[in-house]
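Heads up, the thing below is written out as structure tokens.
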Amino acid sequence: MTNLYDEAYEKSINDPESFWGEAAENCFWYKKWDKVLDDSNKPFYRWFVGGETNTCYNALDFHIENGRGDQVALIYDSPVTDTIKKYTYTELRDEVAKFAGVLAAQGVTKGDRVLIYMPMIAEAAISMLACARIGAVHSVVFGGFAAKELATRINDAKPKVIVSASCGIEVKRVIKYKPLMDEAINISTSKPAKCIIFQRPMETASMIEGRDVDWVDAMADAAPADCVPVAATDPLYILYTSGTTGEPKGVVRDNGGHMVALKWTMKNIYDVDAGDVYWAASDVGWVVGHSYIVYGPLFRGCTTILFEGKPVGTPDAGVFWRVISQHGVRSLFTAPTAFRAIKRDDPKGELIKKYDLSNFKYLFLAGERSDPDTIQWSERNLKVPVIDHWWQTETGWAICANCMGLHFFPVKYGSPTKAAPGWNVQVVDPDCNQVKAGEIGALVVKLPLPPGSLPTLWQNDKRYVESYLEEFPGYYKTADAGYIDTENYVYVMSRTDDIINVAGHRLSTGAMEEVLSDHPDVAECAVLGVADDLKGQIPVGFLVLNAGVDRDHSEIVKEVVGMVRDRIGPVAAFKTATVVKRLPKTRSGKILRGTIQKIADNQEYKVPATIDDPAILGEMEEALNSIGLAGSRK
1 MTNLYDEAYE
11 KSINDPESFW
21 GEAAENCFWY
31 KKWDKVLDDS
41 NKPFYRWFVG
51 GETNTCYNAL
61 DFHIENGRGD
71 QVALIYDSPV
81 TDTIKKYTYT
91 ELRDEVAKFA
101 GVLAAQGVTK
111 GDRVLIYMPM
121 IAEAAISMLA
131 CARIGAVHSV
141 VFGGFAAKEL
151 ATRINDAKPK
161 VIVSASCGIE
171 VKRVIKYKPL
181 MDEAINISTS
191 KPAKCIIFQR
201 PMETASMIEG
211 RDVDWVDAMA
221 DAAPADCVPV
231 AATDPLYILY
241 TSGTTGEPKG
251 VVRDNGGHMV
261 ALKWTMKNIY
271 DVDAGDVYWA
281 ASDVGWVVGH
291 SYIVYGPLFR
301 GCTTILFEGK
311 PVGTPDAGVF
321 WRVISQHGVR
331 SLFTAPTAFR
341 AIKRDDPKGE
351 LIKKYDLSNF
361 KYLFLAGERS
371 DPDTIQWSER
381 NLKVPVIDHW
391 WQTETGWAIC
401 ANCMGLHFFP
411 VKYGSPTKAA
421 PGWNVQVVDP
431 DCNQVKAGEI
441 GALVVKLPLP
451 PGSLPTLWQN
461 DKRYVESYLE
471 EFPGYYKTAD
481 AGYIDTENYV
491 YVMSRTDDII
501 NVAGHRLSTG
511 AMEEVLSDHP
521 DVAECAVLGV
531 ADDLKGQIPV
541 GFLVLNAGVD
551 RDHSEIVKEV
561 VGMVRDRIGP
571 VAAFKTATVV
581 KRLPKTRSGK
591 ILRGTIQKIA
601 DNQEYKVPAT
611 IDDPAILGEM
621 EEALNSIGLA
631 GSRK
């Protein structure tokens, strides 16, 4: 018996032009497309060629003209400043139109780049939408990035204008953005003509005469700008992701395909309707913030939440439940690491009981593998479906998901369920041959990629091909390893470089982490392969314990070693683990496994630009020293 998912998936793979053409009918176009999919210049596929649209119009003006002007579009909720501010669709459109006028007054026109270096404040979303309104290409850089990293992005994007704020606010500190921006401009070869600075009450930045423009002053004099029609294939934004060479890769997103795909996902994957409150607890500096704080929810006519805070510490591990209860959130999308932090501080879920979550229907997790223990803890305490799904900066939306608006499949822990419509996911060996069901290999996607995924890298087609298309001809390389079972459930085990070779056996560190996270005292963990003269590599585990655990660490280590031996077998050679206070992570919550591995193997490493707290690397050295593994910090 077929269901809506099966029908949608089959049509999306066998007749993608018809499938995505129908989805595009739900969007506004100044001019309809000549062709849904142009495959005349393989491997560079283009969607909705000949079509003209405007992303900002579809996010704001479209809904106002259809009677949603008085509905709340954006809620800015900032526990770190004790601020909640709501914007209706009309109010948000008016602010965006005025700031688009500010940009236009500084000489920004269609195709120009605008770099946005902002904290999680409403003005960040307003800046993004204002760029889209006049056809400028925005590049959001995570607020607080080091000057050197910011400079590399300035040099690559060559922005005419930079939009920034005087500071960002972390749990216990204020981060001054303006000096970082000034230093980045000083060391850049490309210089912006103007910088627009939003002064926050807790920090007033000094301004450079002739270059710097005050946000509030400029807005007071601004003439609102209308939407500018752009080609569907014109770039909407550039988002930089870390490259293996150390040079960031500028992922390009187009206007037409992006709009069609994201609007389609809001109902079909997340099961939200116009008027629902949707919350992606991420940051606008990451792809999740682009797709599901700013664009996707507004395309759908939802109310979206922009949250300036942390899952714990602002003020406690109950802040997510406060936001969900206070604003009537239907669907929350966040990273597994957020829930591990909440579970660590409130292992019994006592804080959840303080809030009314009756409107809450779904929890979606993505960003890294969702371990079964975290999913089960969330299911038990929240009593809603907990949906793991898998995607990347490059893909823009979910490659695999339990598509809640189409059909709910039984959850299999450790799997993000099945390939989403549009994504022809396969598993291949190093020679690009498909492997049998259940066998681990490289997860790849057969071309063409669906709308909303990257068409190329910013001004670097060659690197796009080399990075993603060359290794497996005819496929997009996800750089993730995993398998597909006999029921077409996809299992993403680890990055391909996280498959370790222990005495000739290829083993997944992700599978070992799954076992460790099942231990009742373990809040989160990481396993990585460390160089070994005898076996090539051996796995080493790092354990962060739940709050309140007061047991001998050696006993816990002994227990997890036994668990891995029981479930994976002696072949895993898992004998070494240590308890640490915390794991080094990016600001988006991904564990920096590669950096830990380099410390353990005594290799040179660069402190990653995305690291949340560099001091933690010293703690990791001490932990590795305690088990006889650490090299010296480079």
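Each residue of the sequence shown is one higher than the last, beginning at 1 in UniProt numbering.
In this text, a Cβ means the ideal position worked out from N, Cα and C, and glycines have one as well.
What you are looking at is a predicted structure, and each value in this text was computed from that prediction instead of being measured.
Here residue 194 is buried: its Cβ has 16 or more other Cβ atoms, across all protein chains shown, within 10 Å. Around residue 598, the same chain offers 605 as residues with beta carbons nearer than 6 Å, after the five sequence neighbours per side are excluded. When beta bridges are read from the DSSP output, residue 231 appears opposite 52. A contact between stretches requires three or more CB pairs, one per stretch, nearer than 8 Å, and the stretch 31-38 fails this requirement with the stretch 85-103. Cβ-Cβ distances below 6 Å link residue 332 to 279 and 363 in the same chain, with the five nearest sequence neighbours on each side left out; the list follows chain order. Residue 493 is not a Cβ neighbour of residue 564, given a cutoff of 9 Å. Residue 541 and residue 339 have their C-alpha atoms roughly 20 Å apart. With 16 or more other CB atoms across the displayed protein chains lying within 10 angstroms of its CB, residue 268 is buried. Take the alpha-carbon of residue 205 and the one of residue 173: they are about 16 Å apart. Pairing residue 446 with residue 475 gives a Cβ-Cβ distance under 9 Å.
DSSP places residue 110 outside both helix and strand once states are collapsed to three, so it counts as coil. Counting C-beta pairs closer than 8 Å gives fewer than three between the stretch 134-148 and the stretch 199-213, which falls short of the contact rule.
DSSP places residue 554 within a helical segment (H, G or I) once states are collapsed to three. According to DSSP, residue pairing for residue 99 in a beta bridge does not occur.
For residue 485, the number of other beta carbons within 10 angstroms of its own is below 16, and it is reported as exposed. Assignment of residue 306 by DSSP, reduced to helix, strand and coil, places it in the strand class. Around the Cβ of residue 548, a 10 Å sphere holds fewer than 16 other Cβ atoms; the residue is exposed.
By DSSP's assignment, residue 203 forms a beta bridge with 200. Assignment of beta-bridge partners to residue 86 by DSSP yields 75. Under the 10 Å beta carbon count, residue 12 is surrounded by 16 or more other beta carbons and is classified as buried.
Distance between residue 304 and residue 228, taken at the CA atoms: about 24 Å. Rounded to whole angstroms, the separation of the alpha carbons of residue 579 and residue 617 is 15 Å. DSSP places residue 142 outside both helix and strand once states are collapsed to three, so it counts as coil. In the three-state reduction of the DSSP assignment, residue 365 falls in the strand class, which pools E and B.
Excluding sequence positions up to five before and after residue 90, its CB lies within less than 8 Å of the CB of 64, 69 and 70, all in the same chain and listed in chain order. A contact is defined here as three or more CB-CB pairs under 8 Å, and the stretch 343-359 meets this definition with respect to the stretch 301-321.
DSSP assignment within the stretch 2-56 yields the following whole beta strand (DSSP E) runs of 3 residues or more, N-terminal first: 35-38 and 46-49. Residues of the same chain with a CB within less than 8 Å of the CB of residue 176, apart from the 5 flanking positions on each side, are 166, 167, 203 and 205 in chain order.
If you look at residue 331, you'll find it in the beta strand (DSSP E) that goes 329-334.
The three-state secondary structure of residue 491, taken from DSSP, is strand.
Taken atom to atom, the span from the alpha-carbon of residue 259 to that of residue 294 is near 12 Å.
The Cβ-Cβ distance between residue 520 and residue 309 does not fall below 9 Å. Shown here for residue 288: same chain residues with a beta carbon closer than 6 Å to its own, the five before and five after excluded, namely 280 and 282 in chain order.
Bridge partners of residue 192 according to DSSP: none are assigned. Apart from sequence neighbours up to five positions away, the residues of its chain that approach residue 120 with a beta-carbon distance below 7 Å are 283, 284, 306, 307 and 308, ordered along the chain. Annotated three-state conformation of residue 508 is strand, per DSSP.
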